[in-house]
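In the numbering used here, the protein residues as written are 200 to 582. Working notes for the structure below.
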């Protein structure tokens with residue numbers, strides 16, 4: 200099937216390209232921003248294949264079409280997609296098919312808004328909507344054809360994204376939504392927490408989202424012994440945890456903030472959040488499945504999403520999980536080779552498969568049957 204566009208429409212980043220390619224054509228922030236030097240909101244520069252950003256993002260105001268993982272501003276998303284399709288992908292939507300990612304548990308009203316964008320505003324020829332967990336499983340199963348995810352057709356996908364974290368069992372290329380568990384913590388919440396810590400202890404950075412994102416990605420790590428690392432961080436200016444980050448107009452030091460921020464994912468209750476930790480979330484997702492799948496799921500846990508890039512993330516998760524599962528179960532955690540692009544690559548593989556065309560909803564079907572009926576095809580294969 201020719202002219203298939205694969206769009207991983209994340210809350211933080213858009214990954215977009217053509218079916219069958221190894222990597223997306225472009226990766227751009229899913230937002231508009233207004234620097235202090237500008238009077239209007241503008242489109243950010245691409246981050247992939249190489250960043251050409253030259254803008255001063257200090258104190259830039261940001262508008263995002265997606266909040267807490269779901270589309271809330273279709274007009275803004277239309278503006279961003281229009282720029283993406285015309286400037287970066289250079290495609291004609293009426294002669295193209297779109298594979299679009301959508302998180303689990305999207306409300307029908309949000310699904311309708313997305314379908315209206317695709318068919319009514321851009322006029323795409325046909326559409327396939329897929330959840331990220333399914334695409335990650337497909338990619339890993341085909342990347343390692345002799346691995347357990349491929350031979351047993353089963354895996355547990357842990358997606359630590361921008362807006363939230365999901366633990367989703369996948370069986371025979373279908374995400375088991377009834378067993379999926381969610382933590383309302385993602386990369387955005389971690390950045391906000393780091394902004395609060397730095398602003399309280401050092402300098403006010405509450406308006407510096409882009410800069411604190413960079414601090415988080417470069418300096419934060421997951422501790423495998425929090426009590427021990429807290430002791431090290433208390434040793435004054437000579438401790439090994441201390442790092443200095445240089446701002447355009449100053450600098451600040453980080454010590455225990457470097458590991459307390461990722462710690463939110465493992466023990467949010469310690470920080471006053473009424474949420475299960477990641478290990479408990481995984482156990483709950485597995486226990487919601489048939490007991491026959493439990494040993495296979497624990498032996499094929501796949502990590503994806505930008506927050507899994509923290510150093511020692513997989514090792515800490517294994518330490519947390521091991522006491523919670525039966526001793527005779529094997530535990531294996533796989534980190535994707537590129538957790539940010541893993542969902543898109545799965546979509547690229549799926550969209551280039553021979554049977555993909557039959558899973559799409561055409562514009563004519565949408566106009567005749569409406570959004571709700573057409574959505575049945577993605578779940579059951581027919582409208």
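By construction, the Cβ of each residue, glycine as well, lies at the ideal position given by its N, Cα and C atoms.
Task: First through last residue of the beta strand (DSSP E) which encompasses residue 449 - done: Looking up residue 449 in the chain shown gives position 250. In the DSSP assignment, residue 449 falls within the beta strand (DSSP E) that extends over 449-453.
Task: Closest by C-alpha distance to residue 298, when choosing among 575, 544, 465 and 569 - done: Start at 1 with the first residue of the chain shown, and residue 298 comes out as number 99. Out of 575, 544, 465 and 569, 544 has the C-alpha closest to the C-alpha of residue 298.
TODO: Could you name the residues of the same chain whose beta carbon sits closer than 6 Å to that of residue 443, not counting the 5 residues immediately before and after it, in chain order?
DONE: By 1-based counting over the chain shown, the position of residue 443 is 244. Excluding sequence neighbours, residue 443 sits near 450 and 452.
Task: Presumed contact (8 Å Cβ cut-off) between residue 463 and residue 392, rounded CB distance - done: Locating residue 463 in the chain shown gives position 264, counting from the first residue. Locating residue 392 in the chain shown gives position 193, counting from the first residue. Right, the Cβ-Cβ distance comes to about 6 Å (below 8 Å), so this counts as a contact.
TODO: Keeping to the same chain, check which residues put their C-beta closer than 8 Å to that of residue 420; ignore five residues upstream and five downstream.
DONE: The sequence position of residue 420 within the chain shown is 221, counting from 1. Hits under 8 Å: 457, 458, 461, 509, 510 and 511.
Task: C-beta contact flag for residue 243 and residue 232 at 8 Å - done: For the purposes of this step, residue 243 is taken as residue 44 along the chain shown, with counting starting at 1. For the purposes of this step, residue 232 is taken as residue 33 along the chain shown, with counting starting at 1. Yes, the pair counts as a contact, with Cβ atoms nearer than the cut-off.
Task: Start-end ranges of the beta strand (DSSP E) lying completely within the segment 469-532, minimum 3 residues - done: 500-503
Open item on the list: To the nearest angstrom, how far is the alpha carbon of residue 311 from that of residue 520?
Closed with: Numbered from its first residue, the chain shown carries residue 311 at position 112. Numbered from its first residue, the chain shown carries residue 520 at position 321. Cα to Cα, residue 311 sits roughly 39 Å from residue 520.
Task: Local Cβ density within 10 Å of residue 504, reported as buried at 16 or more and exposed below that - done: Translated into positions along the chain shown, residue 504 becomes position 305. The residue in question, residue 504, is buried, as its Cβ has 16 or more Cβ neighbours within 10 Å.
TODO: Taking only the alpha-carbon atoms, compute the straight-line gap between residue 496 and residue 447 and give it to the nearest angstrom.
DONE: Walking along the chain shown from the start, residue 496 turns up at place 297. Walking along the chain shown from the start, residue 447 turns up at place 248. Each residue's alpha carbon lies about 47 Å from the other.
- [ ] With a 10 Å radius around its C-beta and 16 neighbouring C-beta atoms as the bar for buried, classify residue 343 as buried or exposed.
- [x] In the chain shown, the residue the question calls residue 343 occupies position 144. Classification of residue 343: exposed, given that the 10 Å Cβ count is below 16.
TODO: Please classify residue 582: does DSSP put it in a helix, a strand, or coil?
DONE: Reading the chain shown from its first residue, position 383 is the one you call residue 582. Any answer about residue 582 is weak, because its pLDDT of 49 lies below 50 and its placement is not dependable; what the coordinates show is given next. If DSSP states are grouped into helix, strand and coil, residue 582 belongs with coil.
TODO: Look at the alpha carbon of residue 613 and the alpha carbon of residue 338, and state the distance between them as a whole number of angstroms.
DONE: Here the chain comprises residues numbered 200 to 582, so residue 613 is not present and cannot be evaluated.
Task: Validate contact between the segment 313-327 and the segment 232-241 using beta carbons, cut 8 Å, 3 pairs - done: no
- [ ] State the DSSP-derived secondary structure class of residue 372, mapped to helix, strand or coil.
- [x] Mapped onto the chain shown, residue 372 falls at position 173. Coil, per DSSP.
TODO: Give a yes or no on whether the C-beta atoms belonging to residue 524 and residue 357 are separated by under 8 Å.
DONE: Position 325 of the chain shown holds residue 524. Position 158 of the chain shown holds residue 357. The Cβ atoms of residue 524 and residue 357 do not sit closer than 8 Å to each other.
TODO: With residue 389 as the anchor, note down where its alpha helix (DSSP H) starts and where it stops.
DONE: For the purposes of this step, residue 389 is taken as the residue at position 190 of the chain shown. Residues 386-400.
Open item on the list: By the three-class DSSP mapping on this structure, what secondary structure does residue 207 have?
Closed with: Position 8 of the chain shown, counting from 1, holds the residue named residue 207. In the structure shown, residue 207 sits in a strand (DSSP, three-state: E or B).
Open item on the list: Does residue 234 come out as helix, strand or coil in the three-state DSSP assignment?
Closed with: Your numbering for residue 234 matches position 35 in the chain shown. For residue 234, the secondary structure class from DSSP, reduced to helix, strand or coil, is coil.
- [ ] Report yes if the CB atom of residue 542 is closer than 8 Å to the CB atom of residue 331, and no otherwise.
- [x] Working through the chain shown from its first residue, we reach residue 542 at position 343. Working through the chain shown from its first residue, we reach residue 331 at position 132. The Cβ-Cβ distance between residue 542 and residue 331 falls below 8 Å.
- [ ] Give the DSSP bridge partners of residue 444, in chain order.
- [x] Position 245 of the chain shown, counted from the first residue, corresponds to residue 444. 451, per the DSSP bridge assignment.
Open item on the list: On the criterion of 16 or more Cβ atoms from any shown chain inside 10 Å, does residue 537 qualify as buried, or is it exposed?
Closed with: Taking the first residue of the chain shown as position 1, residue 537 is located at position 338. It counts as exposed.
Open item on the list: Using the three-state DSSP reduction, which class does residue 302 fall into: helix, strand or coil?
Closed with: Along the chain shown, read from residue 1 onward, the residue named residue 302 stands at position 103. The answer is coil: DSSP assigns residue 302 none of H, G, I, E or B.
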